[in-house]
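Numbering (our numbering), first residue to last: 14 to 103.
Now the structure itself:
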């Protein structure tokens, strides 16, 4: 991976959106909910004021409209500030 977040930024690979409902109905792309969880791919070093609490490999929850979407080598990622992460899933 050649993308390295700066300061208190985190690069997250969102979990895939649900393809089917519990009843087996297929959800079209236009109706899929944006995932609210993902895996941390890389984290910046932090700042003098912000100590990084997440690291690569952590599963995290984030807000629905958090971060900036980027595409790198055909894969979509989110770049978030650490403060936009709501929780780490253990």
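Cβ atoms here follow ideal geometry from the backbone N, Cα and C, with glycine treated the same way.
If you're wondering where the values come from, they're calculated on a predicted model, not measured in any experiment.
Give every residue of the same chain whose Cβ lies closer than 7 Å to the Cβ of residue i, excluding the five residues on either side of it in the sequence, and list them in chain order.
i	result
residue 94	21, 22
residue 68	53, 56
residue 76	97, 99
residue 174	Here the chain has residues from 14 to 103 only, and residue 174 is not among them.
Check residue i in the structure and name its three-state DSSP category.
i	result
residue 86	coil
Would the beta-carbon of residue i fall within 7 Å of that of residue j?
i	j	result
residue 24	residue 49	no
residue 57	residue 18	yes
Which residues in the same chain have their Cβ closer than 6 Å to the Cβ of residue i, if we skip the five residues on either side of it in sequence?
i	result
residue 63	21
residue 87	none
Please report the Cβ distance between residue i and residue j, rounded to the nearest whole angstrom; I am assuming they are in contact, meaning their Cβ atoms lie under 8 Å.
i	j	result
residue 59	residue 27	The Cβ separation is near 23 Å, so there is no contact.
residue 92	residue 98	Residue 92 to residue 98, Cβ: 12 Å. No contact.
Note down, in chain order, each residue of its chain lying with its Cβ closer than 8 Å to the Cβ of residue i, except the 5 sequence neighbours on either side.
i	result
residue 66	95, 101
residue 70	52, 53
Could you check where the beta strand (DSSP E) with residue i kicks off and where it finishes?
i	result
residue 53	50-56
residue 75	72-75
residue 27	22-27
residue 99	98-102
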